[in-house]
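Student:
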Amino acid sequence: MLSQLNCLSRDVEGRYATDAELLFIAEYVKSYLRRLQTYQKLQEIEVTIVQQTHAKMQLIDPKLFYYGAEDVTSKWKQDTLRTLRYSAVAMLFNDLETLQEQFSSWPQIMRAFGAQQSCRVTYQLMQEVFKRQLSAQQADRLCPILELARQSLGSVN
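With positions in the sequence shown counted from 1, the corresponding number in the numbering used here is that position plus 232.
1. Would you identify the three-state DSSP class for tyrosine 248, choosing helix, strand or coil?
2. Of the choices Tyr248, Arg267, Glu253 and Gly246, whose alpha-carbon is the least far from that of phenylalanine 325?
3. Comparing alpha-carbon positions, which option in Met289, Val244 and Ser384 lies nearest leucine 328?
4. Identify which residue in Gln290, Ile341, Lys273 and Arg242 has its Cα closest to the Cα of arginine 373.
5. Do glutamine 356 and threonine 270 come within 7 Å of each other at the CB atom, strictly closer than that value?
6. Do tyrosine 318 and glutamine 334 have their C-beta atoms within less than 7 Å of each other?
7. Residues in the same chain with beta-carbon distance under 7 Å from tyrosine 248, minus the five sequence neighbours each way, listed in chain order, please.
8. So isoleucine 277 and glutamine 365 are in contact, right, with Cβ under 8 Å, and what is the actual spacing, rounded?
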């Protein structure tokens, strides 16, 4: 939404926007209450989401929380919460472009620390947790955003 508004303001400089150009605003306004409710729900349950994702990952492979011999669980939790919050804001504002910009340097960092597999597993399992903790409509709104995070942060390139 923010990126779209920014583009619209550039595109219509010196003229009025057409109805077609303004359509995305009407669509956003129609979905705003549901987005806000989903955002608020995430605020309430973010710790539960991270804890359940962590527990599932521990069952799959506890080594996902190690960088060499160092336990990086606390760093994983910080990064996971940050990603969850960025994703929540992207969903609230319907703005994946800004989210992609926020993630722009993260893939290189994940590769440097060999954390791609951990990212792939984290955001795949978090989607499953969303489907249990949120309504189907809320999960459907958020899972594509987490999939973007999974693909971006877990890339091997």
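Even for Gly, the Cβ is constructed at its ideal location relative to N, Cα and C.
Tutor: Judging by the given coordinates:
1. As a working note, residue 248 is residue 16 in the sequence shown. If DSSP states are grouped into helix, strand and coil, tyrosine 248 belongs with coil.
2. Along the sequence shown, read from residue 1 onward, the residue named residue 325 stands at position 93. Closest option to phenylalanine 325, Cα to Cα, is Arg267.
3. Taking the first residue of the sequence shown as 1, we reach residue 328 at position 96. It is Ser384 whose Cα lies nearest to the Cα of leucine 328.
4. Counted from its first residue, the sequence shown places residue 373 at position 141. When each option's Cα is compared against that of arginine 373, the closest is Lys273.
5. Numbered from its first residue, the sequence shown carries residue 270 at position 38. Numbered from its first residue, the sequence shown carries residue 356 at position 124. No. Outside cutoff.
6. Translated into the one-based positions of the sequence shown, residue 318 becomes position 86. Translated into the one-based positions of the sequence shown, residue 334 becomes position 102. A contact, by the Cβ cut-off of 7 Å.
7. Residue mapping note: residue 248 aligns to position 16 of the sequence shown, counting from 1. Cβ neighbours of tyrosine 248 beyond the five flanking positions: none.
8. What you label residue 277 is simply residue 45 of the sequence shown in a count that begins at 1. What you label residue 365 is simply residue 133 of the sequence shown in a count that begins at 1. Contact flag correct, Cβ pair sits at about 6 Å.
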